[in-house]
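Accompanying notes for the structure given below.
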Amino acid sequence: MFYFPMAFLGVVILGNLGGANPIRVIPSIARTLPAYAIVGVVAVGLPFLMNDIINNLSGNPIVNQGIATLLMLYFITAHARLLGIFYRKEAEKLNWF
Numbered sequence: 179m180f181y182f183p184m185a186f187l188g189v190v191i192l193g194n195l196g197g198a199n200p201i202r203v204i205p206s207i208a209r210t211l212p213a214y215a216i217v218g219v220v221a222v223g224l225p226f227l228m229n230d231i232i233n234n235l236s237g238n239p240i241v242n243q244g245i246a247t248l249l250m251l252y253f254i255t256a257h258a259r260l261l262g263i264f265y266r267k268e269a270e271k272l273n274w275f
């Protein structure tokens, strides 16, 4: 699970599925471990946070589904932003180009 955010970032930045190659991703994680740990914790923690929020909602199921959809869209966007900031900060250490 900790591997996936860096693999997604590699696929997006490099433009092909070779960006998810463990030979490329695992050394990149090792080089940027302190900053990547924050990204990984957020990637793992956001779904749990969203699940707690959804479970605490009560009332109309249609409204709950709408709120859950908006929360999911927000968290996906927030994680994409965090990955972008991570890449801009650590691009030299990643050395993908």
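Heads up, the sequence shown is in this note's numbering, so the first residue is 179 and it goes up one at a time. We put the CB at the ideal spot given by N, CA and C, even for glycine.
Do you know offhand how far glycine 223's Cα is from alanine 215's?
12 Å
Near valine 217, which residues of its chain fall below 7 Å by C-beta distance, leaving aside the five closest residues on each side in sequence?
Pro183, Leu260, Leu261, Phe264
Within the continuous alpha helix (DSSP H) that includes serine 206, where are the two ends?
200-209
Closest to tyrosine 252 by CA distance: which of Ser236, Asn233, Leu227 is it?
Leu227
Going by the CB atoms, is the gap between isoleucine 245 and isoleucine 254 shorter than 9 Å?
no
When you compare each of Asn234, Pro212, Val220, Asn229 to lysine 271 by their alpha carbons, which one comes out closest?
Pro212
For tyrosine 265, does the three-state DSSP call read helix, strand or coil?
helix
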